[in-house]
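Respectively, the protein sequence lines represent chains A and B. Number 62 in our numbering belongs to position 62 of the first sequence; there are no gaps in the numbering. Number 35 in our numbering belongs to position 35 of the second sequence; there are no gaps in the numbering. Built from N, CA and C at the ideal position, the CB exists for glycine as well. All values derive from a computational prediction rather than experimental measurement.
Number of protein chains: 2
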Amino acid sequence: MRVSAKADYAVRAAAELAAAGDEEPVKGEKLAEAQDIPLQFLEHILLELKHAGIVRARRGAKGGYWLAKQADEVTIADVVRAVEGPIAHVQSAPPESIEYRGNAKSLQQVWIAVRANLRAVLEHVTLADLVSGELPGAVEELAASPDAWAPR
Amino acid sequence: MRVSAKADYAVRAAAELAAAGDEEPVKGEKLAEAQDIPLQFLEHILLELKHAGIVRARRGAKGGYWLAKQADEVTIADVVRAVEGPIAHVQSAPPESIEYRGNAKSLQQVWIAVRANLRAVLEHVTLADLVSGELPGAVEELAASPDAWAPR
DNA sequence: GCGCTCCTGACCAAAGAGGTCAGGAAAGTC
DNA sequence: GACTTTCCTGACCTCTTTGGTCAGGAGCGC
Numbered sequence: 001m002r003v004s005a006k007a008d009y010a011v012r013a014a015a016e017l018a019a020a021g022d023e024e025p026v027k028g029e030k031l032a033e034a035q036d037i038p039l040q041f042l043e044h045i046l047l048e049l050k051h052a053g054i055v056r057a058r059r060g061a062k063g064g065y066w067l068a069k070q071a072d073e074v075t076i077a078d079v080v081r082a083v084e085g086p087i088a089h090v091q092s093a094p095p096e097s098i099e100y101r102g103n104a105k106s107l108q109q110v111w112i113a114v115r116a117n118l119r120a121v122l123e124h125v126t127l128a129d130l131v132s133g134e135l136p137g138a139v140e141e142l143a144a145s146p147d148a149w150a151p152r
Numbered sequence: 001m002r003v004s005a006k007a008d009y010a011v012r013a014a015a016e017l018a019a020a021g022d023e024e025p026v027k028g029e030k031l032a033e034a035q036d037i038p039l040q041f042l043e044h045i046l047l048e049l050k051h052a053g054i055v056r057a058r059r060g061a062k063g064g065y066w067l068a069k070q071a072d073e074v075t076i077a078d079v080v081r082a083v084e085g086p087i088a089h090v091q092s093a094p095p096e097s098i099e100y101r102g103n104a105k106s107l108q109q110v111w112i113a114v115r116a117n118l119r120a121v122l123e124h125v126t127l128a129d130l131v132s133g134e135l136p137g138a139v140e141e142l143a144a145s146p147d148a149w150a151p152r
């Protein structure tokens, strides 16, 4: 139930790319500096994003990275899935494939609901939203509640 | 963003305990059989639940485990936190303590919203709900959508 | 005091997290 | 064509986590 450094880095780098537009490519080093991410680690991450079709790249002078799609067509879920794999797996299996017995029968529904609520946020916030700071209304409301900021 | 075997086991064992009531203790072996969990691993988990004050235990013949509170006063979040620690940490830190820079500034709000939505399910389903099969309305609705069952 | 059951720490293998290092391969520039 | 720049890739590394197992001890009831 935690977000890895890799996923966090990936989203932040993608946000920088979204902000840069597609005029000209952004170098890995610049991304690393902008978001304070270890360069060599970041390049591995960018490679995964490239393989997932989220990012494109060119080598050499004037080379660098840029988004493969429009910033409003890439969600945070896309980026996280590219580097972390499926969201909300239970014991490395998707919740819809698990069968529970005895008094835990309804647990499957619970995990499904959990996943649905994760998706409700991650699949609806795009890189464009992130950069502009204007998150979807529902997400903004969730984050606005003081209760949501309580440690626990 | 995944649920560990340990957390899954813990919730399932707790559900069995909730169903058993507090007439007489349930043996670890019986819990292990009912939910098909490796016994020795389960006992470690039950110990953690005990240290967290969720479960109580007695040794010897007629010994076993039982819930320390009423089944409707223990949420799934309580159980998960007892064995996995805080829910929805980012890079091992709580989202409210992270500061993002540049174009990722709004990312903190996104992680806060993610956590809020996780809590919205996990803190509102009790062991009593789980055993009875009657989940809170909002959770039932989430799990009812065919979309929630799609793999992706 | 004997058997039952929980309690606890030690251990273990495999995988993942979070990186670093070294070199190769393309793209542009002179 | 050489050189520089930048991405691309695999190997490697340390530390922690995951998912267990094993062996023995300690308390409880009879």
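Query raised in the report: Between Q91(A) and chain B, is there a C-beta pair that is closer than 8 Å?
Result: yes
Query - Residues of its chain near A52(B), where Cβ-Cβ distance is below 6 Å and the 5 sequence neighbours each way are ignored - result: A82
Query raised in the report: Is R81(A) helix, strand or coil by DSSP?
Result: helix
Query raised in the report: CB-CB under 8 Å to E48(B), same chain, minus the five flanking residues each way: which ones, in chain order?
Result: A10, A82, V83
Query raised in the report: At a Cβ threshold of 8 Å, is R139(A) touching chain B?
Result: It should be noted that the sequence gives Val, not Arg, for residue 139(A). Yes, because at least one Cβ of chain B sits closer than 8 Å to the Cβ of V139(A).
Query raised in the report: What in chain A is Cβ-close to D22(B), meaning under 8 Å?
Result: Chain A residues near D22(B): none, gap ~15 Å exceeds 8 Å.
Query raised in the report: Does the distance from the CB of W66(B) to the CB of L142(B) come in under 8 Å?
Result: no
Report task. Let me know if L42(A) comes out buried or exposed under the rule of 16 or more other beta-carbons within 10 Å of its beta-carbon. Result -> buried
**Report entry** Q70(B) burial status per 10 Å Cβ neighbour count (16 or more: buried)
**Finding:** exposed
Query - Beta carbon of A15(B) nearer than 8 Å to that of I45(B) - result: no
Query raised in the report: Taking C-alpha atoms, which residue in V139(A), V114(A), R152(A) lies nearest to I76(A)?
Result: V139(A)
Query raised in the report: Should A148(B) and R115(B) be called a contact, given that it needs their Cβ atoms to be closer than 8 Å?
Result: no
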